[in-house]
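Heads up, the thing below is written out as structure tokens.
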Amino acid sequence: MSRDRALLERALDRGEQDGGNVEFKERLSRDVHLESGRRESLAAQLRHRLLSGDGEATYVVGVTDDGGLAGVDPDTFSETMDVLSLLAEEADAHIDDVQTWGINQGLVGVATINEGSVLETDDEHVVVGTAGHVDHGKSTLVGSLVTGNPDDGDGATRSYLDVQPHEVERGLSADLSYAVYGFDDDGPVRVRNPNRKADRAQVVEEADRLVSFVDTVGHEPWLRTTIRGLVGQKLDYGLLVVAADDGPTRTTREHLGVLLATDLPTIVAITKTDAVDDDRVEEVEREVERLLREVDKSPLRVSRHGIDTAIDEIGERVVPIVETSAITMDGLETLDELFDRLPKTSQDTGEFRMYVDRSYSVTGVGAVASGTVKSGEVEAGDELLIGPMPDGRFQEVEVRSIEMHYHRVDTAQAGRIVGIALKGIKESAIERGMVLLPRDADPEPIREFEAEVMVLNHPTRIGDGYEPVVHLETIGEAAAFHPDEGRLLPGDTGKTTVRFKFRPYLVEEGQKFVFREGRSKGVGTVTAVHPANAE
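Residue numbers for the sequence shown, in full-length UniProt numbering: 1 to 535.
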């Protein structure tokens, strides 16, 4: 017997021993099992299973009524999970976990269903983008925040954030934020073990307010990835870390520039204060203050002015500064209170829209597009468009299911970082920079647009035909610049036409972007678009 089959047999044996909270189903279909009378009966059956299992039920799919292993094809398995999700919602419950096994050229799955509706805290979900130089302690600080555990001095808590979605056993979840914790009336709701997907899902379920972290990369060669993390997500705040044993670096300045270019309210955390004496902490804090004043920002020391003032003043001009240590945990209570009380800043306007950041394929589910919901709301079963394709067209797809932080949800609103399983498209056809829209939208692919830009850093001048990489939402594409005045100098602000080099994207007036080429960098705002089909 194979290892997978042996694991499944043990799961079935446990199910038979548990008795009343286990249900065996070969398959569930929309046409048959969601008809009004049948749907009510099955929901009542599920409520009975939950009652028998003290709030938890197990559904084994792809087996006969007597528990024999049958296996169903991936499409049938996905439809069964969709139907089971709707039945769980009607029973005021939710699917908490799904495990699958390959049997007889098909799939067998064990779904765990728990009482309680899915997360209802969309209006209280704050998304924070972290930035800062490599080894300045971004991931360690966030790891200590979400767990409440001090670091051991060797980066133990950093390991909690080094998980890529495609490396997780069950690849559906779009864990782009790498870390999540929350708050309820009693204070922080932390993750006991961030390496266990069930523990992260429990935080999402139990917290009244969530804080997700988009952790970026500090190595200079990976600046492109950092820009994508800060520009491509629907962030509420930026968290810039500066290590007390090193101070601000060129990378610190670059990351600060990206944060400010996106008009993101930002907090600076001075990390590793345990590693130096008080005089050095004071010196680095003054360096940070000088750096902020150079870019016309007003630094505010939270230790001096208080948390209330920081919450009232943070915004376009004021940047709070907090001294922290992930080893001694100094300053982390201050960050907890800030993240608990700071208001959500990103606005939800318009219909559903999500730019694709990543895509992957999951056995039994199919193609998954992940990213941050920019606006509106999406539900399982919604009919959408995805594109533009390289030829400019948009393709019709259907939402099979949605997950966030390993927690299956039926809907997702603006600000949610989610994985959306799609029916009607292969994963190989999905590319970063594409966008998901309602089926009745009338999007126009854009190959060329006008922009107002500012050159932050360039060794000489930017002339006609200059080709940097443009980062707009999750788009990262080479583009040609054609300045109105023929050239732009360092520090200049001017107008230019921007044309994507290889393919069209969905671009709209008012969107902000960052462009870079080597050490040359700048920021811009789209002022007008030229539809590709009008060229």
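For glycine and all other residues, C-beta sits at the position ideal for the given N, C-alpha and C.
*Assuming V108 contacts G71 under a Cβ cut-off of 8 Å, what Cβ separation, rounded to an integer in Å, is found between them?*
Taking the first residue of the sequence shown as 1, we reach residue 108 at position 108. Taking the first residue of the sequence shown as 1, we reach residue 71 at position 71. 6 Å between Cβ atoms; contact.
*Any idea which residues DSSP pairs N114 with across the strands?*
Within the sequence shown, residue 114 is the residue found at index 114, counting from 1. Residue pairing of N114 in beta bridges, as defined by DSSP: E56 and H94.
*Reference F481, options A451, Q413 and E508, closest by Cα*: The residue you call residue 481 lines up with position 481 of the sequence shown. Among A451, Q413 and E508, the Cα nearest to that of F481 is on A451.
_Cβ neighbours of G247 in the same chain (closer than 6 Å, five flanking residues each side left out)_ = For the purposes of this step, residue 247 is taken as the residue at position 247 of the sequence shown. Same-chain partners within the cutoff: V284 and E287.
*Skipping 5 residues on each side, what residues in its chain have a beta carbon closer than 7 Å to that of R317?*
Translated into the one-based positions of the sequence shown, residue 317 becomes position 317. The answer, listed in chain order, is K297 and S298.
*Compute the beta-carbon to beta-carbon distance between I430 and A367, rounded to the nearest angstrom, for a pair I have assumed lies under 8 Å.*
The residue given as residue 430 occupies position 430 in the sequence shown. The residue given as residue 367 occupies position 367 in the sequence shown. About 6 Å separates the two Cβ atoms, so the contact holds.
*asked:* Can you give me the C-alpha to C-alpha distance between V295 and Y181, rounded to a whole angstrom?
replied: As a first step, residue 295 must be located in the sequence shown, where it is residue number 295. As a first step, residue 181 must be located in the sequence shown, where it is residue number 181. The straight-line gap from Cα to Cα measures roughly 32 Å.
*Residues in its own chain within less than 8 Å of G424 by CB, not counting five upstream and five downstream?*
Within the sequence shown, residue 424 is the residue found at index 424, counting from 1. Excluding positions up to five away in sequence, the list reads Q395, E396, V397 and E398.
*asked:* Between which two residues does the alpha helix (DSSP H) holding V142 run?
replied: Taking the first residue of the sequence shown as 1, we reach residue 142 at position 142. Looking at the DSSP string, the run of the alpha helix (DSSP H) that includes V142 is K138 to T147.
*asked:* Going by beta-carbon coordinates alone, are I420 and I402 separated by less than 8 Å?
replied: The count along the sequence shown starts at 1 and reaches residue 420 at position 420. The count along the sequence shown starts at 1 and reaches residue 402 at position 402. Taking a C-beta distance under 8 Å as the contact criterion, I420 and I402 qualify as a contact pair.
*asked:* For G486, which residues in the same chain have their Cβ closer than 8 Å to its Cβ, ignoring the five residues on either side in sequence?
replied: On the sequence shown, residue 486 is found 486 positions in, with the first residue counted as 1. Excluding the 5 residues flanking it on each side, G486 has same chain C-beta neighbours closer than 8 Å at G463 and D464, in chain order.
*Nearest-angstrom Cα separation, counted from M404 out to S173*: Working through the sequence shown from its first residue, we reach residue 173 at position 173. Working through the sequence shown from its first residue, we reach residue 404 at position 404. Low per-residue confidence applies at S173: pLDDT is 33, beneath 50, and the placement is therefore not dependable enough to give any value.
_Taking the alpha carbon of E205 as the reference point, which residue from R290, R408, D186 and V134 has its own alpha carbon closest?_
As a working mapping, residue 205 is identified with position 205 in the sequence shown. Of the candidates R290, R408, D186 and V134, R408 places its Cα closest to the Cα of E205.
*Quick one: what does DSSP say L385 is sitting in, helix, strand or coil?*
For this step, residue 385 is matched to residue 385 along the sequence shown. DSSP places L385 in the strand class (E or B) of the three-state scheme.
*Relative to the C-alpha of I267, which residue among T324, D278, R250 and P531 is closest?*
Start at 1 with the first residue of the sequence shown, and residue 267 comes out as number 267. The candidate whose alpha carbon is nearest that of I267 is T324.
*Given F502 as reference, the closest of P438, P443, P388 and L437 once Cα atoms are compared*: Position 502 of the sequence shown, counting from 1, holds the residue named residue 502. With distances taken between Cα atoms, F502 lies closest to P388.
*Reference L50, options V241, L87 and V453, closest by Cα*: To locate residue 50, count along the sequence shown from 1; it is residue 50. Between L50 and the set V241, L87 and V453, the nearest pair of CA atoms involves L87.
*asked:* For T334, report the span of its alpha helix (DSSP H) as first-last.
replied: Within the sequence shown, numbered from 1, the residue matching residue 334 stands at position 334. Per DSSP, the continuous alpha helix (DSSP H) segment holding T334 begins and ends at L332 to R341.
*For M454, which three-state DSSP category applies?*
For the purposes of this step, residue 454 is identified with residue 454 of the sequence shown, where counting begins at 1. DSSP, read as helix, strand or coil, puts M454 in strand.
*Do you know offhand how far E517's Cα is from V498's?*
Locating residue 517 in the sequence shown gives position 517, where the first residue counts as 1. Locating residue 498 in the sequence shown gives position 498, where the first residue counts as 1. Cα to Cα, E517 sits roughly 14 Å from V498.
*Is A369 buried or exposed, if buried means 16 or more other CB atoms sit within 10 Å of its CB?*
Taking the sequence shown and counting its residues from 1, the one referred to as residue 369 is at position 369. So A369 counts as buried.
_Just to check my reading of the structure: T80 and V63 have Cβ atoms closer than 8 Å, yes? What is that Cβ distance to the nearest angstrom?_
Indexing the sequence shown from 1 puts residue 80 at position 80. Indexing the sequence shown from 1 puts residue 63 at position 63. 12 Å between Cβ atoms; not a contact.
_Proximity of residue 583 and E473 at Cβ, strictly below 8 Å_ = Since the displayed the chain opens at 1 and closes at 535, residue 583 lies outside it and no answer follows.
_Burial state of D440, where buried means 16 or more other Cβ atoms lie within 10 Å_ = In the sequence shown, the residue the question calls residue 440 occupies position 440. By the neighbour-count rule (16 or more Cβ atoms within 10 Å), D440 is not buried but exposed.
*State the Cα-Cα distance for the pair V281 and V455, rounded to the nearest angstrom.*
Along the sequence shown, read from residue 1 onward, the residue named residue 281 stands at position 281. Along the sequence shown, read from residue 1 onward, the residue named residue 455 stands at position 455. The alpha-carbon of V281 is positioned some 33 Å away from that of V455.
*Can you have a look at S177 and say buried or exposed, based on whether 16 or more other CB atoms are within 10 angstroms of its CB?*
What you label residue 177 is simply residue 177 of the sequence shown in a count that begins at 1. The predicted position of S177 is uncertain, since its pLDDT is 42 and thus under 50; no value can be drawn from it.
*Local conformation of Q105 per DSSP, three classes*: Reading the sequence shown from its first residue, position 105 is the one you call residue 105. Correct three-state label for Q105: coil.
*So the beta strand (DSSP E) R418 belongs to, where does it begin and stop?*
For the purposes of this step, residue 418 is taken as the residue at position 418 of the sequence shown. According to the sequence shown, residue 418 is Val rather than Arg. Annotation for V418: the continuous beta strand (DSSP E) segment containing it runs I417 to K423.
*asked:* What residue range does the alpha helix (DSSP H) around L291 cover?
replied: Start at 1 with the first residue of the sequence shown, and residue 291 comes out as number 291. Taken as a continuous stretch (DSSP letters only), the alpha helix (DSSP H) holding L291 covers D278 to E294.
*When you compare only the Cα positions, how much space is there between E427 and V418?*
Working through the sequence shown from its first residue, we reach residue 427 at position 427. Working through the sequence shown from its first residue, we reach residue 418 at position 418. The straight-line gap from Cα to Cα measures roughly 16 Å.
*If we ignore side chains and look at the alpha-carbon of each, how far apart do L28 and T76 end up?*
Here residue 28 corresponds to residue number 28 of the sequence shown, with the count starting at 1. Here residue 76 corresponds to residue number 76 of the sequence shown, with the count starting at 1. Cα-Cα distance, rounded: 8 Å.
_Three-state secondary structure (DSSP) of T251_ = In the sequence shown, counting from the first residue as 1, residue 251 sits at position 251. Looking at T251 - three-state DSSP - the assignment turns out to be helix.
_Buried versus exposed, by CB contacts within 10 Å (16 or more), R32_ = Numbered from 1 along the sequence shown, position 32 holds the residue referred to as residue 32. Note that residue 32 corresponds to Val in the displayed sequence, not to Arg. Answer is exposed; the Cβ neighbour count stays below 16.
*Q202 burial status per 10 Å Cβ neighbour count (16 or more: buried)*: Here residue 202 is taken as the residue at index 202 of the sequence shown, counted from 1. Q202 sits buried, since 16 or more C-beta atoms from the chains shown fall within 10 Å of its C-beta.
_By the three-class DSSP mapping on this structure, what secondary structure does E477 have?_
Taking the sequence shown and counting its residues from 1, the one referred to as residue 477 is at position 477. Annotated three-state conformation of E477 is strand, per DSSP.
*When DSSP labels each residue in this structure, what does H133 get in the three-state scheme?*
Against the sequence shown, residue 133 aligns to sequence position 133. DSSP, read as helix, strand or coil, puts H133 in coil.
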